[in-house]
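Enquirer:
In the working numbering, the protein residues as written are 37 to 185.
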């Protein structure tokens, strides 16, 4: 009887942990306030197109990543929706296999991972998994100068 109780407890714990992790997947998380961006980081970001000319959505992907296709569609759709704003966002896709130094600098641990950078090149949000279009649009709207009603 004790073994069955222990097994049930372990299973319930595993289910609870799984639900918590699944609940975080695809959620927008605000980035920790940046104290100062290093020149190496700025150079790596500039090399892929995060230049500070406007807000940028940078998403890491790979040919072998199935969910990355969905991220491409979501980011492209939101970028198209915000194309007529005063500061339209850049849609930048980076192959993690081609840019491992940048992935390491940004602490990318899984694919897909998406970042939102403001006009000054500071990381504002990080999304692990496939972002929800509404959440991404809400995060980008103040950075693009879009009037919110």
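Built from N, CA and C at the ideal position, the CB exists for glycine as well.
So, do the region 89-99 and the region 107-126 have three or more beta carbon pairs nearer to each other than 8 Å?
Expert: Taking 8 Å as the limit for Cβ pairs, the verdict is that the region 107-126 does touch the region 89-99.
Enquirer: Suppose the cutoff is 8 Å on Cβ atoms and the five residues either side in sequence are ignored; what does the same chain contact list for residue 107 look like?
Expert: In the chain shown, the residue the question calls residue 107 occupies position 71. Closer than 8 Å at the Cβ level, and outside the excluded window around residue 107, lie 95, 97, 148, 150, 166 and 167.
Enquirer: With DSSP as the reference, label residue 39 as helix, strand or coil.
Expert: The residue given as residue 39 occupies position 3 in the chain shown. Three-state result, residue 39: helix.
Enquirer: Roughly how many angstroms lie between the CA atoms of residue 133 and residue 142, to the nearest whole one?
Expert: Within the chain shown, numbered from 1, the residue matching residue 133 stands at position 97. Within the chain shown, numbered from 1, the residue matching residue 142 stands at position 106. Near 14 Å, if we compare the C-alpha coordinates of residue 142 and residue 133.
Enquirer: So within the region 132-172, which uninterrupted alpha helix (DSSP H) runs reach at least 4 residues, ignoring any that extend past its ends?
Expert: If we require 4 residues or more, the alpha helix (DSSP H) runs fully inside the region 132-172 come out as 136-141.
Enquirer: Given this structure, state the Cα-to-Cα distance separating residue 173 from residue 113, to the nearest angstrom.
Expert: Translated into positions along the chain shown, residue 173 becomes position 137. Translated into positions along the chain shown, residue 113 becomes position 77. Answer to the nearest angstrom: the Cα atoms are 10 Å apart.
Enquirer: Once DSSP output is grouped into helix, strand and coil, what is the label at residue 179?
Expert: Counted from its first residue, the chain shown places residue 179 at position 143. The answer is helix: DSSP assigns residue 179 an H, G or I state.
Enquirer: Please go through the same chain and pick out, in chain order, the residues whose beta-carbon is closer than 7 Å to the beta-carbon of residue 71, but skip the five residues on each side of it.
Expert: As a first step, residue 71 is located in the chain shown; it is residue number 35 there, counting from the start. For residue 71, the predicted structure reports a pLDDT of 48, less than 50, and the residue's modelled location is therefore unreliable. The matter cannot be settled from this model.
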